[in-house]
Every structure is written in C-alpha cells, then in structure tokens.
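Just so we're on the same page, our numbering is the position in the sequence shown counted from 1, plus 109.
For glycine and all other residues, C-beta sits at the position ideal for the given N, C-alpha and C.
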Amino acid sequence: MLPATIDARTRVLGLIGYPVRNSLSPLLHNAASRFLGLNCVYVVFEVKRPHLRDAVRGLRALGIAGVNVTVPYKEEVLAYLDGLSEEARAIGSVNTVANVDGKLIGYNTDGRGFLRAFREEAFDPQGRKFLVLGAGGAARAVVFSLLSAGAARIAVSNRTPERASLLVDHFERLFPGRLEVAGFDQAALLSCAEECDAVINATSVGHGGEPVEEVSFEFLPPGKVAFDLIYHPGSPFQRAGWRRGAKVVTGLSMLVFQAAEAFKIWTGQDPPVQVMRTVVEKFVQGE
Ligand code: ATR
110 MLPATIDART RVLGLIGYPV RNSLSPLLHN AASRFLGLNC VYVVFEVKRP
160 HLRDAVRGLR ALGIAGVNVT VPYKEEVLAY LDGLSEEARA IGSVNTVANV
210 DGKLIGYNTD GRGFLRAFRE EAFDPQGRKF LVLGAGGAAR AVVFSLLSAG
260 AARIAVSNRT PERASLLVDH FERLFPGRLE VAGFDQAALL SCAEECDAVI
310 NATSVGHGGE PVEEVSFEFL PPGKVAFDLI YHPGSPFQRA GWRRGAKVVT
360 GLSMLVFQAA EAFKIWTGQD PPVQVMRTVV EKFVQGE
C-alpha cells in the first residue's frame with residue numbers, strides 16, 4: 110500500500126497517539142493515496158505524553174504534511190497549534206492537523222465522520238434522545254455534532270464525573286437546556302439508557318484491543334441502537350450490546366468517514382471512500 114516510489118518529494122502524513130500500534134489509519138490513508146496515485150505516505154508515531162510538545166514541534170521542523178491525533182491527546186494538542194478551524198474551536202478537540210506553510214492548523218473531523226456514520230447506520234438525530242458515555246475529545250465531537258443536528262436531549266456519563274460536568278458546561282452556552290450529566294453507576298445508566306433512543310460509547314475502553322475488566326456495559330437496552338466509536342470488532346461495549354440484544358454498530362463507518370474528511374483536508378482530493386472502507390473491512394474480517 111506504499112506509493113509507487115518513495116522519493117525526495119514524498120509528503121509524509123501520520124498519526125500521533127498512545128497506544129497506536131493497532132491503528133487502521135495507515136491502511137486507510139495509504140490505500141487512498143495509492144488509489145489516486147498520490148506521492149504520500151502515512152506512518153504511525155507512538156508518542157508518550159512527556160514528548161507530545163516536542164513531537165508537535167517536530168512536525169513543523171520536519172515539514173510533515175499533516176497528522177491525525179488520537180487518544181489521549183485530542184484536547185491537549187490544542188495548546189501547541191497555530192490555529193483552529195471553527196469546528197475544532199467549538200468542539201474543543203482536534204483529531205486532524207494540517208501543516209500549511211509551516212503553520213499547524215487543527216481540525217476536527219470526528220464530529221462529521223460520526224454524524225455521517227450515525228445517519229447511515231442508525232437514524233437522523235433530529236428530535237431524538239441520547240446517552241453518551243465518556244467526556245474526552247471524542248465525546249465532545251459526538252455531543253457537538255448531535256446537538257448541531259438537532260438532538261433534543263443528551264445525557265453525558267463519565268467515570269470521572271467532573272469531566273462530564275465540564276463538557277456539559279462547555280456546550281450549555283452554545284446549546285442551552287439540552288444537556289445533563291448522568292451518573293456512572295449501573296442503576297443510573299440503566300434508567301437513563303431506557304429513556305434514550307441510542308447509547309453512544311465514546312470512552313476509549315477497548316481502544317488498544319486490550320482487555321478491560323472493570324467496566325460493565327450490561328445496561329444497554331434490547332432493541333435500541335448501541336453505537337461504539339471503537340472500530341475493532343468485539344470490544345467490551347459491543348459484546349455487552351450483542352448479549353443484551355441491542356442494535357450494535359461498530360466504529361468502522363465512523364473511522365472511514367473521519368479519515369475521508371482528513372484526507373480531503375490534507376490532499377484537496379475527493380477521497381475514495383469505498384476503497385478505504387473495503388480495505389479496513391477486509392482487515393477486520395481477518396482479525
Ligand atoms: P479521546 O480524546 O479519544 O476521547 P481521552 O480524552 O483519553 O480520549 O478520553 C477517554 C475517555 O474514556 C474518557 O471519558 C475516560 O474517562 P475518564 O475521564 O474518567 O478518564 C474514558 N475511559 C477510559 N478508560 C476507561 C475505563 N477503564 N472505564 C471507564 N471510562 C474510561
């Protein structure tokens with residue numbers, strides 16, 4: 110999936126996060142570049158927290174054309190950038206950075222990617238009620254896009270409740286009266302999930318494919334949409350949803366759509382979405 114030739118003109122794209130070794134982003138972006146005949150290569154940079162600032166400076170110094178930013182840096186990275194798109198500013202998190210003549214501009218394509226996937230795989234959010242699990246950068250993008258699309262009500266539940274309150278306060282100013290903080294204990298989650306039309310997992314539980322024992326998703330209501338942002342099949346959230354008869358959606362479509370939006374920002378080209386989807390579907394089927 111590498112470009113036909115890697116030479117002095119190859120544009121380098123990549124991913125910054127930790128852990129990132131199981132990421133499918135290189136597969137997606139390299140397939141897209143290859144399909145369009147672009148001289149670009151996408152690589153993974155596993156960056157530990159103390160090195161984040163230097164890593165971002167390094168993008169400027171080395172002329173890296175762009176990066177995605179993933180767990181756990183989507184909020185922290187804002188401090189090191191030169192500018193933000195309106196969407197990234199409103200969401201308060203960045204998953205895509207473009208190097209424009211030495212200036213690093215932050216974008217958020219998670220929100221659009223999520224919305225496109227949710228509409229395609231579930232329903233239109235207009236007037237509907239949601240329970241969102243998590244309060245990090247991914248959760249912010251989900252909440253922003255649902256509210257922008259006319260969601261009537263969103264309850265946000267997070268292991269660290271203070272972070273859920275911060276998220277709710279942040280969006281309350283833009284979208285007054287449509288948000289609340291929900292408890293993270295099973296009883297609170299059970300009653301809240303039953304009142305909602307869909308539950309969305311925007312926590313990073315299962316992100317690295319690692320087993321997580323201490324979280325229980327056994328409150329997912331049968332028959333309702335349980336949308337996971339994790340794209341690896343068989344995450345703890347997906348398994349609980351299957352067990353309980355929920356309509357489980359994995360994060361695969363969202364992965365493809367957020368990548369497609371990022372690809373367009375970096376290359377200016379219409380992304381070959383079907384090529385990108387096929388390559389990751391094949392990969393996860395073989396997992
Ligand atoms: P991202 O930018 O992708 O959202 P993040 O900012 O690191 O990543 O956020 C990860 C989210 O997953 C947080 O909501 C986190 O909860 P805390 O705010 O309490 O840390 C949640 N999360 C991660 N591991 C978890 C676990 N084992 N149980 C419950 N929630 C977890």
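Checking 8 angstroms against the spacing of the C-beta atoms, do residue i and residue j come in under that value?
| i | j | result |
| --- | --- | --- |
| Ala247 | Leu338 | yes |
| Ala368 | Met385 | yes |
| Leu136 | Gly175 | no |
| Thr359 | Leu147 | no |
| Phe239 | Ala307 | yes |
| Glu196 | Tyr182 | no |
| Val397 | Val324 | This structure does not reach residue 397, given that the chain is present from 110 up to 396, and the question cannot be answered. |
| Leu66 | Ile263 | Coverage of the chain is limited to positions 110 through 396, which leaves residue 66 absent and any answer about it impossible. |
| Arg282 | Ser254 | no |
| Leu256 | Phe227 | no |
Taking 7 angstroms as the limit between beta carbons, can you name the residues of its chain near residue i, skipping five residues before and five after?
| i | result |
| --- | --- |
| Leu276 | Ala244, Ala248, Arg249, Val252, Val265 |
| Asp219 | Asn204, Ala247, Ala250, Gln367 |
| Gly236 | Gly259, Ala261 |
| Ala140 | Met110, Val384, Met385, Val388 |
| His316 | Val180, Ile339 |
| Ala273 | Ala244, Val265, Ser266, Asn267, Val290 |
| Met363 | Gly222, Phe223, Ala226, Leu338 |
| Ala345 | The question names Ala, but residue 345 in the sequence shown is Pro. The residues are Val314, Gly315, Val321, Val324, Phe326. |
| Pro234 | Phe227, Leu255, Ala258, Gly259, Ala260 |
Quick one: what's got a C-beta closer than 8 angstroms to residue i's C-beta in the same chain, skipping five residues either side?
| i | result |
| --- | --- |
| Ser132 | Leu124, Gly126, Val153, Thr179 |
| Glu390 | Leu361 |
| Ile374 | Gly175, Thr205, Ala207, Tyr216, Thr218 |
| Gly343 | none |
Leaving out five residues before and five after residue i in sequence, what residues of the same chain have Cβ atoms less than 6 angstroms from its Cβ?
| i | result |
| --- | --- |
| Glu303 | Pro330 |
| Thr312 | Leu242, Gly243 |
| Ala349 | Phe326, Glu327, Leu329 |
| Arg353 | Leu329, Pro331 |
| Pro381 | Ala141, Phe144 |
| Glu184 | Ser202, Gly246 |
| Arg162 | Tyr189 |
| Ala117 | none |
| Ile214 | Gly192, Ala207 |
Which whole-angstrom value is the C-beta distance of residue i and residue j, which I expect to be below 8 angstroms?
| i | j | result |
| --- | --- | --- |
| Val290 | Pro270 | 7 angstroms |
| Thr114 | Val150 | With 8 angstroms as the limit, Thr114 and Val150 do not qualify as a contact, their Cβ atoms being about 10 angstroms apart. |
| Gln378 | Leu187 | Wrong, their Cβ atoms sit about 27 angstroms apart, outside the cutoff. |
| Lys356 | Gly395 | About 25 angstroms separates the two Cβ atoms, so there is no contact after all. |
| Phe336 | Ile309 | 5 angstroms |
Original post:
Does the region 204-217 touch the region 290-308, meaning 3 or more C-beta pairs lie closer than 8 angstroms?
Top reply: At 8 angstroms Cβ cutoff, the stretches do not touch.
Original post:
If you pair each beta-carbon of the region 188-198 with each one of the region 161-170, do three or more pairs fall below 8 angstroms?
Top reply: Below 8 angstroms, enough C-beta pairs join the region 188-198 and the region 161-170 to call them touching: three or more.
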